[in-house]
């Protein structure tokens with residue numbers, strides 16, 4: 049982007065549903081661009097679903113001309129097999145922006161919640177509410193896309209701090 053603005057792709061990875069959201073950071077202002085959810089057909093083999101995620105997220109990167117990306121870190125489930133599959137999906141989703149030449153930042157779920165809601169243990173309803181308050185143009189947002197927009201918001205906030213610290 050030009051004019052000191054940065055187009056950020058936020059990603060909430062999942063094997064069944066991967067949320068994505070694009071915002072533009074212009075100084076301290078944020079502007080909503082788009083959001084959505086990609087869902088590979090569950091009838092596909094795991095490897096084909098991962099490839100599908102890689103391709104679809106890559107299409108989002110290209111379609112919205114993103115400058116940077118950010119992704120939610122994986123959390124550990126009680127079920128190790130589910131955690132491993134989520135890790136695979138996260139890798140596929142993370143590779144798409146990397147393949148497009150974007151830097152990819154990673155943020156923990158608690159940090160994202162704290163950045164958007166102000167509390168590290170906020171629930172999904174609170175996150176979605178604050179996303180709508182911070183980005184009123186986004187309208188109604190499904191949970192996975194709201195989480196992805198929250199990742200993008202977090203990155204916009206924290207990248208400013210990193211840039212300011214680097215300039216000091």
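Numbering (our numbering), first residue to last: 49 to 216.
Where is the CB? At the ideal position from N, CA and C, for every residue including glycine.
Classify residue i: buried if its beta carbon has 16 or more other beta carbons within 10 angstroms, exposed otherwise.
| i | result |
| --- | --- |
| residue 168 | exposed |
| residue 192 | buried |
| residue 166 | exposed |
| residue 60 | buried |
| residue 189 | buried |
| residue 77 | exposed |
Got a sec? Which residues, its chain only, sit under 8 Å from residue i by beta carbon, not counting five neighbours each side?
| i | result |
| --- | --- |
| residue 115 | 49, 54, 55, 56, 150 |
| residue 99 | 140 |
Out of the options, which one is the CA nearest neighbour of residue i?
| i | options | result |
| --- | --- | --- |
| residue 63 | 87, 79, 70 | 87 |
| residue 68 | 125, 80, 135, 147 | 80 |
| residue 172 | 103, 158, 71 | 158 |
| residue 162 | 185, 144, 195 | 195 |
Please classify residue i: does DSSP put it in a helix, a strand, or coil?
| i | result |
| --- | --- |
| residue 66 | strand |
| residue 191 | helix |
| residue 91 | coil |
Here's a check: name, in chain order, each residue in its chain whose Cβ is nearer than 6 Å to the Cβ of residue i, leaving out the five neighbours to either side.
| i | result |
| --- | --- |
| residue 146 | 152 |
Assuming residue i contacts residue j under a Cβ cut-off of 8 Å, what Cβ separation, rounded to an integer in Å, is found between them?
| i | j | result |
| --- | --- | --- |
| residue 164 | residue 179 | 7 Å |
Among the residues of its own chain, which have a CB less than 7 Å from the CB of residue i, if the five just before and after it don't count?
| i | result |
| --- | --- |
| residue 43 | One cannot answer for residue 43 here, as it falls past the ends of the chain, which runs 49 to 216. |
| residue 65 | 85, 87, 192 |
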